[in-house]
Each structure stands twice: as structure tokens, then as C-alpha cells.
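> Protein chains in written order, with my numbering: chain G, 1 to 789; chain S, 1001 to 1316.
The beta carbon of each residue, even a glycine, is placed where N, CA and C say it ideally should be.
1. DSSP three-state call for residue 566 of chain G: helix, strand or coil?
2. To the nearest angstrom, how far is it from the Cα of residue 535 of chain G to the Cα of residue 479 of chain G?
3. Using a Cβ-Cβ cut-off of 8 Å, state whether residue 1156 of chain S counts as contacting chain G.
4. For a minimum of 4 consecutive residues, which ranges assigned as the alpha helix (DSSP H) are wholly contained in the stretch 618 to 690 of chain G?
5. Using the beta-carbon of each residue, which ones in chain S are nearer than 7 Å to residue 242 of chain G?
6. Give me the residue from S:1164, S:1172, S:1081, S:1181 with the minimum Cα distance to residue 1132 of chain S.
7. Quick one: which chain S residues come within Cβ less than 8 Å of residue 149 of chain G?
8. Taking residue 872 of chain G as the reference, which of G:571, G:224, G:595 has the closest Cα?
9. Less than 8 Å between CB atoms is the rule here; does residue 18 of chain G satisfy it with respect to chain S?
10. Give me the Cα-Cα distance between residue 32 of chain G and residue 314 of chain G, rounded to the nearest whole angstrom.
11. Reducing DSSP to helix, strand and coil, say where residue 1024 of chain S ends up.
12. Is the stretch 662 to 680 of chain G close to the stretch 710 to 718 of chain G, with three or more CB pairs under 8 Å?
13. Distance check for residue 1136 of chain S and residue 1308 of chain S, CA to CA, integer angstroms please.
14. Could you give the DSSP three-state label for residue 1152 of chain S: helix, strand or coil?
15. Does the Cβ of residue 164 of chain G have 16 or more other Cβ atoms within 10 Å, making it buried, or fewer, making it exposed?
16. Is residue 379 of chain G helix, strand or coil when you go by DSSP?
17. Assess contact between the stretch 235 to 242 of chain G and the stretch 87 to 95 of chain G, defined as three or more Cβ pairs (one per stretch) separated by less than 8 Å. Is contact present?
18. Which of the three DSSP states is assigned to residue 1234 of chain S in this structure?
19. Mind checking residue 531 of chain G: buried by the 16 CB within 10 Å criterion, or exposed?
20. Report the residue ranges of all beta strand (DSSP E) runs contained in full by the stretch 274 to 320 of chain G; include only those spanning at least 3 residues, in chain order.
21. Check whether the Cβ atoms of residue 455 of chain G and residue 483 of chain G lie closer than 8 Å to each other.
22. Taking DSSP as the reference, what is the three-state secondary structure of residue 1258 of chain S?
23. Return the chain-ordered list of same chain residues with a C-beta closer than 8 Å to the C-beta of residue 1003 of chain S, the five sequence neighbours on each side being excluded.
24. Are the beta-carbon atoms belonging to residue 399 of chain G and residue 440 of chain G less than 8 Å from one another?
25. Helix, strand or coil for residue 796 of chain G? Go by DSSP, reduced to three states.
26. Within the 8 Å Cβ cut-off, does residue 1160 of chain S reach chain G?
27. For a contact meaning CB atoms closer than 9 Å, what does residue 1128 of chain S contact in chain G?
28. Determine whether the Cβ of residue 1186 of chain S lies closer than 8 Å to any Cβ atom of chain G.
29. Note the first and the last residue of the continuous beta strand (DSSP E) segment covering residue 111 of chain G.
30. Does the beta-carbon of residue 698 of chain G have 16 or more other beta-carbons within 10 angstroms, so that it is buried, or is it exposed?
31. Compare the beta carbon distance of residue 204 of chain G and residue 181 of chain G with 8 Å and say whether it is the shorter of the two.
32. List, in order along the chain, the chain G residues whose C-beta lies closer than 9 Å to that of residue 1133 of chain S?
33. Starting from residue 446 of chain G, trace the alpha helix (DSSP H) in both directions and tell me its first and last residue.
34. State buried or exposed for residue 807 of chain G, treating a residue as buried only when at least 16 other CB atoms are found within 10 Å of its CB.
35. Is the shortest distance between the beta-carbon of residue 268 of chain G and the beta-carbons of chain S less than 8 Å?
36. Could you tell me how far apart the beta carbons of residue 1162 of chain S and residue 169 of chain G are, in whole angstroms, since I believe they sit closer than 8 Å?
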């Protein structure tokens, strides 16, 4: 079976031919079915008409004779009643009747008991054919008491002339019997008293022969039944007079036969379709005059429709052979017509295997196959051209990809690679990751330490790919340049915005978060330019409040706001780009801020808020969510944990001086005293004195306008690790830490004015820090305590 | 003297032996009261299976003809035994011909009145009712008088044609014969249009085998053997209905009777059913004195008999 199906699947010609023949067969069947139905109906009507004619003809013949009997009976009755007192005349009338009607079987003129006194109980003038002669006798006797015969009783009881049910008439003289039916009518006197009955019998032989001879079809036959359903004519002679039409139904109920029996008994005329003797047959029936008998013609359906069936078989054979021939021819024709396609298919195979220049056959045809061949040729040419173009494009693409890989490496190289950990610093640890969606991306992050401040930023350039990566590079270098001279994030962002906006011809922009974390105090100053607010993961998880600033690059005049927060020891600042919250899974669902919060909360609950751990957990959560879906956007995360532990203050002293250089000796004494207190050796004490003096003198000289009195406060504090001097003044804001240092490699004449002071301070102290707080300049100088062993 | 006595004894013995021998050699001609049919299956079986021969009795079955009914054959000594219905037998005895019942086969009455469809025979006062011209209808006449139905009795020869032709309002029928003929003629039987005499206090036995008393007295042993073999025939028929039907059909075909196997099967079944006594549920093969008394008194009451005929008058 599978082989046959496979054969059909590979043979278009067979499939098409089968379909055509199949539909043709359906059309033929429908058309022929209708034709056969109509023809069969016509044949059936013809059979009905034929049988009806035969029945009518037979019935007419029978009725002709019956009428003669009835007329003869009436005439004899008239004669008998005219001479009813002359018994012997009855013999003459009886004999005369038979003489005049030789086809009658017998005749009786029978009288009531003792009607003729001299004739005794019985008197019946009975005449019958006896060979060629006619015999007339007195018919009644003790052994034949005609008073009880049907023919004598029936007209009396029915009170009208009638035909009896056929019966066997026994001729005692010759001991012969004959099946007869009798027409009988009563004789009454003037007073209406019954005096006798006239009976004229007809032999059923001629009727049987007439009816049996009716044979419209070879296997058809006729039957005749009486009032009681008894068969009087039947092809099975054993049934005649012995069985009725109902006999068979007594043991095997047959509703159709029973219905036919009743219809014939009731003198109905018609036709029935029924099964007789396991053959479907049509039965046509009609009563025979007034005899009470009914005849039927049984025509087997196979006979009626034999000619029709022969015709149908012939037509069906022709159609079947025709369809098979049609199938064969179609397959041959379609195979021949499709042959060029085979060649074309082979050539296409050659082309498919790489021989693009394989020659195509020239069919010289204008039909669909010719068009297909022509199109194929065009396609071949186009294919060769396209393949050539593809080669060029592929090599160009490979070159671009190589460039992109280099660009990616450069971009990654811009980003800090070394992240401070707890092992490196005691105040902060940090980790960041950037995963671009394409080879190069538009996300950026950066950080560096200056003095005791951590400068950091995170940003997301609009768009992706190479343009975004270039914009990111510009942003990152601008951040580095600007923050080298500015410590306040708002200022840094404002300057960056102006710089970038001025050269932004392509209307790109970058969302940016810039923060400066003062490491000794944990104070965070930050400015957010349209970026996602960072999370703080410490005592709990919460967003860092951010003002609504526009991204960098739009408006060069925008004034960005500064915000501050205090970061407690152990708290991690988690910064990220929208590649995290908008990471998409296969169904385009977003990761969303809720999940970021959940991951952070879980990490916190498991004490895993250290930068590497937090970013690892967040990365894993994103990967799990995204699954196999393609990364839709650059993903950047940065985590900064403040870990500075505050030491106990061992010593605290302060000195307030007026801004007068005369006060410098007091300062030096104060510094020396402090250094001695913490136990510095002399050289270190000297370095500290030089640095503090430089800072205080700088304030005394420049903090206040000339003529304005001002104070400067020097506070000294120490713990187990460091000694800290804090110089506070209320003069004009001045951040010495952002001043360019003097190039000490140059000679004194070549150096720019200024910058030496800050240089001295940096050289002699471990760290310098400037803060502008509450309209005060706060400069902090720190020196590690290294005691003499 | 002694010798004379011996001679006398030998003579008597010789005469007696010769008489006995001649009596045994005599053939009993048995005439059933109707044409060949399953009503007489037991006798056909006894003849066909050789039960008569085994019993040492010669029997020849001769059916009545149209010109010679059974009773006239018996009275003219053309036959020595015949079947009669009990009421017929009573009439004949009352008419002066003493009869002996040698075997009673029927234990129940089979007569019914069938009226046209949907009509109750008891509601048809004065109706024209068919009755056999040869008798059999005594109980019906009694019932007509007793129940004041005043039926007009139409005597017919032997078939159901008059009723089927619609010439009669009702007709008498035997449940084993005419009843099935009517069914076969397409007449539909219901509980309403069929009146069964046995269910209305007229359950009088019917068929039995009778001989004239004169003949019987001279041939008691033959009569006994004939009766025994006939009974055996009936018992065999009850046990082998299909084979019995085959035998019946042989007799039917031989006598050219216009009937068929279906009718004879139904008739045999019904006749065998009627042979089972309602009370004992057995085939008793005996004349019941109570039924003889009932029939006799009914017929006397209706002037069908001049005197009551007793069971003893019929018994052997």
C-alpha cells in the first residue's frame, strides 16, 4: 500500500489523470443514474399499462360470457314463471337453454320440496352435456338434497341473483366431476313465496385456460382466487382448491400477501410490489365480473426489467471501459506533455548543485512550459549575478565585522577594568559590568578616585551600535575632562551638557547619572540627567531620590540640580541602565523594576549585597528571565559599596586665628603641639607644619577681600590611624584641589603663577579634601600616623 | 352316554371355535363420519403402523361418500364401526338403533359460532346461522332456544362458502376444521366474534367410535381389540405429530381431498388438544357419564329426544 501511495506521489500524470477520470465517473454516474431512473420508471409504467390492458381484456371476455348466462337465466325465469304449474315443461326449458348455449356446463330448475305434489320431495330439471348429446334428468334425491347446496341457498339468503363460489360438480351418473361456478336466481310466485331456484353453471376449465394463458413475460404467471381466497388458477396445481391465498401466512406471517388477499377478496383493482417466492414481483389484480373471483398477474421484476437491465449493463460496461481507456490516454498524453519538465528538473538539479552556467534546454515552445523554461533561463542569469553580488557583500560584511570587533575591543578598553575591593581599600569597593546588545553599544560607566573622593558615572546613549558607541566615547572622555576640574556633580553635568549639546549635530542624547562620594564622610553628591534612579541596598532596599532633569545633549543652557545623600557604611549603591528593567523574554514581557527590587531584597536578606555578588545575582536573574530570547538592549550595572569604618577620636583640639599673617607663629606652635601629642617624629612634624601653614596662609591672603576682617578656624583631630587638620573659613568659595599643580620639572621662571601651594600640600600630606558646606570653605588635610618603633 | 357327551362337547367346541374363528377372520369396515382428514389421524396411524394387525384384527377404513353418509353405511351394515358425536349417537339410539360406544376419543366440545367481524353471536337475536345439514348442531339449537336467541338455522352441505360470501350472519364451525377454514379464507377471529360452547356450560364430548349393539354383542373381542389398537394409534399420534401428519397427508392425497398440510397440522394439534380432559389433564379415552347425562337431558328438554338415553345404554 505504501508503495502504491509513494508511486502516486511521484507520478503527477497518474494523479491528474485519476482526478479527471474520477470526476468524469461522478458526472457519468449522476447522469446515467438519472437516465436509468427515468428509463426504469418508463419501463415500469409500460408494464403497468400492459398488464392493465391484459387484465381488462380478460375481464371483458369473462364478463361477455357471464352476461350471456345472466340473460339466459332471466329469459328462462320468465318462461318458468309463465308455466310454473307444468312440471314437465321444466325439462323442456332446461334442455332448451343448454341447446341454445352449448358453452354452458349445466342447468337446473329446482323447486321447493313437494312444490309439485305428484313429484314428491325432490324436483329439479337438470340438463347437462353428455359428450355430444344432452342429458336431461330429475336431479334431486335423498343422496343429493339440493336444498342444502350453495347455489340453492345463496340467492335466497342474499335476496338477489348471484354467482356461487366455484365448486366441484359431481355427476353421479358418470362419476365425473368438474369445477364450476353457478349463476343462480330465485323463483317466486305471485305472492312472493319462494318456489325454486334456477341455476346455470359454467365450467371453470375454459376460464382457467384463458387466465393461465395470460403470460405477458416469460416467467410471469396468473392466479385466480374465489371469495374465500381459494386458488382456482395457479401455476402450482397442488394449490388449486386446496390452499387459499392466506394459507401460507398462517404459519409464516406475510403482511404484503395478506394485504393482497384482502384487496382481491374485496373486489379491488390495482397493483402491488411485493416479494413472492423470494423474488421481487409486481402483482396486477382485478375482479372478474360479479363472480366474486379475482385474477392477478404476477410479473417478476427481473422479467419486467430484463431488457432494461441488459441495456444498463451494456452502457455501464461501455462507460467503464471508456473511463479506463480515458485514464490510459490521459496518463500517456500528460506524461508526454510533461516530459520537458523532467529535463528542466534535471537541469535545475545541476544548477542547484553549483553549476550555475549549466545550459538550459531550448524547447521552442510558447505555452506555459516554454514560459517556464524562459523564466528559468532568466532566473539562472539573475542567480549568477546575485551570487557575484553576494560574494562582494559577504567580503564587505566580513571587513565591517572585523572593524566592529576592533571597535568593541577599543570601547571595552575605555572602561575601567580594575575594580577596587575590600583588599585594596578600606573605604569603598566597587564592581561593574557592561554587556552590549551588538558588537558595540551606547552604555557607559566610569569611575576614578581623586583626593578622597570617588567620581563615578553611568549613562545610556540613545540608539545602539556604532553611532551610540561613538557618542558614548565622547561622553566618557568629557566626564573625565570636566570632573578633573570640578568636584560638584551638577557642575560636571552642566558643563558636559553644554559641551556635548554644542557639538551634537545628530540630536543624540545620553541619560547620565554622575556621583561624587566623599569617602571619609560617606556624603554622596549626585546629579541625575534623565537616568534611572539607583537603588540603595543597605538597611533596606530603596530608590535614591532623583530630580527630574533632562538627559544630556538636548539643551545647552539647562541648569542641572545637585542632590545629596549620606551613605552609611555597608550600603551599596546599585546603578543600572534600562537594559536591565526592559530585558525581554521570548513573549516580549519585560523584566521590570519589581523584579530588580526582588533580587536586591533577596541578596540583602542573604547578606550578599557586596558589588560582585549583587551584580552576579542580578545577571543570573536576567538570564533566567530572558531565556533563549535575543538580548534587546545594552545592559550595564555598577555597584558601589561604602565600607568605611569610623575610628574613635583620640584627640581633638582647635585654634581660631584672625586672617593676619602675624598669627602664623601661633599656628605653628599649635601644629607642633598636636604632632607631638600624636607622637610624630620631627621630620613628619615638619612636613605637617609646612602643609598646614601653606593652607592657612592661603586663606589669610585670599579668602577675604582686602580690608574685610575674617577668621580662620583650625581643628585638629586624631584617631588610631590618621591625624586630620580641618581649616574652615567663611570667605569666598575656593577649591584649591581643582587648581592645576605646578610643574616642578620646569624652572621657576617657566612655571605659571599659582599652584605651588597645592603641590606642597599634596607632597607633605596623605590626602587633601575640599568641601563647601554651609557657605564655608572646609579644607581637610590628613596624615597617616606612623609611630616610631 | 359318556361317549355321547364327549361328542356333544366336541361339537359345541367345534361350533364355538368355528364361530370364533369366523368372527376373527371378519374384517371390520370402519367409516369415519367425514372425509379423510387429521380428525381421524389415530385410526390412520393404527392402520399404517400395523397396530390393528398386531392386535389380530382386520380393519379396513372406508370414508363416506356424498351419497352414503357414515350413519347410513352403519345402518345398512356396510360398515361395522363409525365415529359419531355423542349427540348424534343419542339421536340414533333414540331413533331405535341401539349403539355401543367402544372408544371415546373426544373429551371436550369443539363447536363454535363465528359471526361476522366485530359482532358478538350472543347479541344477534334472530340471526341467520349456518348449520351442517347432516347434524352435529344439536347443542347449538339447544343453546339458541335456552338463551332465547331464536337463530334462523340455515342448513348447508359442507363448507363455509355461504358465510364467506356474506349470505349468513354467523355459522357453526368445528374448532379443528371449519374454524381454520374460515381463518384460511381471511376471516379475522377475535374474542368477540367467536363463541365457544365448551366455555359456556356446553362442554359435551364429541367424537367416539360406535358399533351397533347387535354387531358388538357378537364381536366383543374384535371390538375390544379394534378399540385398543385405535387408542394406541391416537397415543402414538400424540407422541409423533410430524410423522402422524405425513400419514394423514397420504390418506388425504389418496382420497383427493381439497385441503393442505398447513390445515391438517392445525387440525391435528387441535384434535389432540380436545382429547385431554380438562379436569384430569389426561387422555382418558372414556365416555363420561356426566356428559352423557347433560347432553341427553338438554336434548330431551328441547324435544330432540323422546326420552333420556343413559350412559349404560351406550356403554359396553
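In this structure, then:
1. In this structure, residue 566 of chain G counts as strand in the three-state DSSP scheme.
2. 22 Å
3. At least one CB of chain G lies nearer than 8 Å to the CB of residue 1156 of chain S.
4. 664 to 678
5. The contacting residues are 1258, 1259, 1260.
6. Looking from the CA of residue 1132 of chain S, the closest CA among S:1164, S:1172, S:1081, S:1181 belongs to S:1172.
7. 1157
8. The structure shown does not extend to residue 872 of chain G, since chain G spans only 1 to 789, so no value can be given for it.
9. no
10. Approximately 12 Å, taken between the alpha carbons.
11. Only weak support is given to the placement of residue 1024 of chain S: the predicted model assigns it a pLDDT of 47, under 50, and the value that follows is read from those uncertain coordinates. Looking at residue 1024 of chain S - three-state DSSP - the assignment turns out to be helix.
12. The answer is yes - the stretch 710 to 718 of chain G touches the stretch 662 to 680 of chain G, with three or more Cβ pairs under 8 Å.
13. 18 Å
14. strand
15. A buried status is given to residue 164 of chain G, since no fewer than 16 other beta-carbon atoms sit within 10 Å of its beta-carbon.
16. Reduced to three states, the DSSP call for residue 379 of chain G is helix.
17. With the cut-off at 8 Å, the stretch 235 to 242 of chain G and the stretch 87 to 95 of chain G do not touch.
18. helix
19. buried
20. Complete beta strand (DSSP E) runs here, min 3: 279 to 287, 294 to 300.
21. yes
22. coil
23. With a pLDDT of 39 at residue 1003 of chain S, under the threshold of 50, the predicted position of this residue should be treated as unreliable, though the coordinate-derived value follows. Here the set comprises nothing.
24. no
25. No statement about residue 796 of chain G is possible, as the shown extent of chain G runs from 1 to 789 and does not include it.
26. yes
27. 157
28. Yes, contact with chain G.
29. 106 to 111
30. buried
31. yes
32. 145, 147, 148
33. Taken as a continuous stretch (DSSP letters only), residue 446 of chain G belongs to no alpha helix (DSSP H), being part of the beta strand (DSSP E) at 443 to 450.
34. Look at the range of chain G in this structure, 1 to 789, and you will see that residue 807 of chain G is not part of it.
35. No, residue 268 of chain G does not count as interfacial toward chain S.
36. Wrong, their Cβ atoms sit about 17 Å apart, outside the cutoff.
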